[in-house]
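Residue numbers (the numbering used here): 45 to 272.
Where a beta carbon is used, it is the ideal one built from N, C-alpha and C, also for glycine.
In this text the structure is predicted, and so the values were computed from the model without any measurement.
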């Protein structure tokens with residue numbers, strides 16, 4: 045995508061809003077901050093930096109790449125923000141180990157009346173997991189349905205298993221999986237198995253591996269984890 049963007053530039057074809065959004069999004073996906081910043085400079089020159097969609101994708105670029113100060117600067121410079129803007133910051137903070145900052149942003153988001161969505165809660169639950177905030181994470185998970193009317197998706201269950209597993213609450217993690225209203229997928233079992241490797245719990249590790257091998261019998265990574 046970025047190669048086509050470069051060809052387009054050489055051919056002096058005029059860029060529009062969607063060209064810039066797609067190009068910055070491509071740079072974000074492969075963490076190409078050098079080209080992302082070059083495109084950002086072009087966006088400023090052409091005046092598209094006032095568009096909320098462009099600002100959102102720029103925040104996502106810098107947040108994904110761990111350039112949090114630039115992400116924050118772009119975020120605060122936005123005249124208008126929506127849930128995508130807030131989600132980009134929460135996810136970026138969470139992915140790069142700034143759990144407390146991610147949760148602070150989440151609280152600010154709610155104070156301002158911006159409604160969280162499924163993406164928001166993936167970032168929030170991941171932040172709690174990395175920060176070791178088990179009770180807070182479980183509270184946020186419960187609030188999805190009770191306060192916000194959001195039905196948790198598979199990725200949210202994975203986050204809770206990771207939350208419990210990282211903290212060493214493997215029995216609770218197993219019980220949580222067994223009580224899930226949806227069928228656990230391979231990622232849920234792999235997350236539990238990985239936690240068992242870290243905490244050296246053979247019994248629950250074998251339990252998780254059996255379920256994982258039923259779903260993905262050809263997955264060599266499971267055997268590597270088991271050997272550990």
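{"Item": "For residue 67 and residue 45, believed in contact at Cβ under 8 Å, the rounded distance", "Value": "7 Å"}
{"Item": "Inter-residue CB distance, residue 112 and residue 140 (contact presumed, cutoff 8 Å)", "Value": "7 Å"}
{"Item": "Residue 249 (DSSP reduced to helix, strand or coil)", "Value": "helix"}
{"Item": "Through-space distance from residue 239 to residue 212, alpha-carbon basis", "Value": "7 Å"}
{"Item": "Contact set for residue 272: own chain, Cβ-Cβ below 7 Å, skip 5 residues either direction", "Value": "241"}
{"Item": "Those runs of the alpha helix (DSSP H) which lie wholly inside the stretch 143-183 and span at least 4 residues", "Value": "143-155, 162-175"}
{"Item": "Entirely enclosed alpha helix (DSSP H) segments - the stretch 51-118, minimum 4 residues", "Value": "61-73, 77-90, 96-108"}
{"Item": "Boundaries (first-last residue) of the alpha helix (DSSP H) holding residue 211", "Value": "Per DSSP, residue 211 belongs to no alpha helix (DSSP H) and is neither H nor E."}
{"Item": "CB contact flag (residue 171, residue 146, <9 Å)", "Value": "yes"}
{"Item": "Integer-rounded CB distance, given that residue 188 should sit under 8 Å from residue 200", "Value": "7 Å"}
{"Item": "C-beta contact flag for residue 153 and residue 134 at 9 Å", "Value": "yes"}
{"Item": "Boundaries (first-last residue) of the alpha helix (DSSP H) holding residue 136", "Value": "127-139"}
{"Item": "Residue 262 (DSSP reduced to helix, strand or coil)", "Value": "coil"}
{"Item": "Proximal residues to residue 221 (C-beta, below 7 Å), its chain only, five neighbours per side dropped", "Value": "205, 228, 232, 236"}
{"Item": "Buried versus exposed, by CB contacts within 10 Å (16 or more), residue 169", "Value": "buried"}
{"Item": "Nearest to residue 116 (by Cα), restricted to the options 103, 125, 267", "Value": "103"}
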